[in-house]
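First residue of the sequence shown? That's 0 in numbering that gives the first Met the number 0, and the numbers climb one at a time after it.
Ideal Cβ placement from N, Cα and C applies to all residues, glycine included.
Fair warning: this is a prediction, and the values are worked out from it, not measured in the lab.
Following: one structure in structure tokens, then a few remarks.
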Amino acid sequence: MVEKRAKKLAELAPRIMGAFHNITRIHPEKDHITMRQYQALIILHSNDTLSLSEFCQKLSLAASTGTELANRLIEMGYFIKSSNPSDRRQFFLRITPKGLRLLEERQKALIQMFIQLMEPFSEEDQKLFVQSFEQILFILTKYPKKVYAPEEA
């Protein structure tokens with residue numbers, strides 16, 4: 000039975016992603032960042048300060064890959080790195096005001112994207128659409144170790 004449902008999801012997922020792709024052109028183009036960089040910004044913002052090893056762990060990245068990602072975001076002005084006063088070998092990452100502005104811009108753009116998407120929906124369909132996302136998140140977080148850990152997304 001799970002295979003049948005998985006096949007159905009495999010059919011639906013590309014269609015849903017395609018529908019979202021068609022409306023994502025609203026995002027600000029002046030700040031070109033990758034999805035992984037955006038994900039890193041979100042994770043650091045939700046954690047305030049992270050050591051480099053915590054940052055890598057939350058993103059499920061090897062230390063070298065995480066270091067490269069953090070350094071790139073530092074170069075872009077979105078992260079700042081500071082050393083631990085008690086252990087100069089350890090560094091902490093924090094998001095900069097520029098990084099916060101980018102997240103705010105992206106959040107506003109995402110809201111506009113969803114407004115554009117849901118405007119033609121009836122009131123009932125709008126509620127159902129939002130509830131569907133809430134239900135998906137509820138199920139995914141119910142099995143975080145097996146499926147997906149949203150705090151690491």
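Check: Those residues which DSSP pairs with Thr48 across a bridge; Outcome: Arg93
Check: When Met75, Ala18, Lys141 are compared against Met112, the one with the closest alpha-carbon; Outcome: Ala18
Check: Coil, strand or helix - Ser82 by DSSP; Outcome: strand
Check: For Arg87 and Leu43, the rounded distance between their alpha carbons; Outcome: 21 Å
Check: Residue from Gln125, Lys7, Ala62 whose Cα sits closest to the Cα of Ser52; Outcome: Ala62
Check: Which listed residue (Ser121, Ile79, Ala108) has its alpha carbon closest to that of Leu40; Outcome: Ile79
Check: Sequence-distant residues of the same chain with beta carbon closer than 7 Å to Lys141, five excluded per side; Outcome: none
Check: Extent of the continuous alpha helix (DSSP H) run through Ser63; Outcome: 62–74
Check: Alpha-carbon to alpha-carbon, Leu102 and Leu109; Outcome: 10 Å
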